[in-house]
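Single-structure report; data block below.
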Amino acid sequence: LLAALSVTLSLNDYLNDGFANNWVRASDWDWNSEIVVITGGSSGIGEHVARQLLAKNIQTTIVILDYVPMTWAAPAKSKVHYYQVDLSNSSNISTITQRIRDEVGHPTVLVNNAGLSRGFTVMDGSYMDVEVTIRTNLVAPFLLIKEFIPQMVSRNHGHIVNISSMSALIPPARVADYAATKAGLVALHEALQLELKDVHGAPKVRLSLAILSFVRTPLFKGETHQSNFLFPLMHVETVADSIVDTLYSGLGRTIYLPGIMRYVAILKGGPDWFFRIIRNGSNNLGVDFKGRQRIDPKTGRLGQ
């Protein structure tokens with residue numbers, strides 16, 4: 001029985017990798033010359049993805065996009081570029097992406113990691129809370145992809161990683177706007193997979209999607225008050241490890257962390273009453289959903 005299960009899981013992984021990568025291998029990755037853009041790279045997951053990429057190859061060019069200054073020092077002789085930008089402002093995105101192309105070059109990797117959560121119910125959140133969350137978490141990744149993907153398509157080379165969340169599958173109370181943006185990233189990822197292969201003819205441009213449980217970052221603090229098996233508060237290093245390993249594999253894939261998230265996704269298509277029981281468990285989460293972000297009440301933009 002165990003042998004049969006092992007064979008089934010191996011076959012499943014083989015088919016997942018094959019379809020996710022259009023049955024085409026890409027061996028043209030040169031990490032001495034790749035340019036990696038990481039949003040929200042001043043701390044948390046983005047910081048550790050950058051650090052691990054540099055630990056593997058100091059020659060890899062890293063571009064950090066964030067609205068707060070970097071909290072870590074780039075290693076000596078590394079090629080790290082920092083651009084301060086409010087990703088909730090679409091005009092800022094147009095300006096900063098042109099600067100990156102002019103000053104650094106055309107990015108070959110984009111990690112859409114930046115995100116914010118205001119932590120209000122639908123009724124209690126302001127217009128600004130909702131709009132800034134959606135612009136930062138969903139509109140910005142859309143626009144960054146639009147800016148950088150044409151060159152990836154023309155070269156048939158690139159990798160886009162979208163960081164989603166278990167809230168796309170199990171949306172807790174008080175984060176409806178955040179959960180909606182993470183579900184939107186899943187839809188963006190899946191539609192883009194088809195467009196790259198069938199519309200643009202770029203089967204080697206890779207797409208990866210990370211479905212994450214709670215991670216100990218400035219965005220989420222506290223304890224889940226739930227089973228560590230189902231709702232662990234993961235360390236950023238663990239998440240960064242998986243993202244960097246995926247980038248270095250040259251393959252696009254869906255990353256479930258912890259692995260139980262894979263089965264939660266399967267259960268999503270099960271009976272409504274059963275999934276409602278699972279969702280009700282999220283009401284007891286002790287996590288503080290309010291991140292470090294401050295919104296300027298006059299401009300509706302992110303403040304320092």
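If you're matching positions, the sequence shown starts at 1 in the UniProt record's numbering and goes up one per residue.
Idealized CB from N, CA, C, for every residue including glycine.
Rounded to the nearest whole angstrom, the C-alpha separation of Leu212 and His48 is 15 Å. DSSP places Tyr178 in the helix class (H, G or I) of the three-state scheme. Collapsing the DSSP output to three states places Thr60 in coil.
Residue range Val205 to Leu212 is occupied by the beta strand (DSSP E) that includes Leu212, with no alpha helix (DSSP H) assigned at that position. Segment contact: the region 235 to 243 against the region 24 to 39, fewer than three CB-CB distances shorter than 8 Å; contact not assigned. If you draw a 10 Å sphere on the C-beta of Val37, you find 16 or more other C-beta atoms in it, and that means buried.
In the structure shown, His189 falls within a helical segment according to DSSP collapsed to helix, strand and coil. Following the DSSP letters along the chain, one finds Gly18 inside the alpha helix (DSSP H) bounded by residues Leu2 to Ala20. Contact check for Val132 and Ser88: beta-carbon distance about 5 Å, within the 8 Å limit, so the pair qualifies. Per the coordinates, the alpha-carbon of Pro258 lies some 10 Å from the alpha-carbon of Ala210. If one requires a minimum length of 3 residues, the beta strand (DSSP E) runs lying completely within the region 80 to 128 are 109 to 112, in chain order. Rounded to the nearest angstrom, the gap between the Cα atoms of Ala114 and Ser42 is 10 Å.
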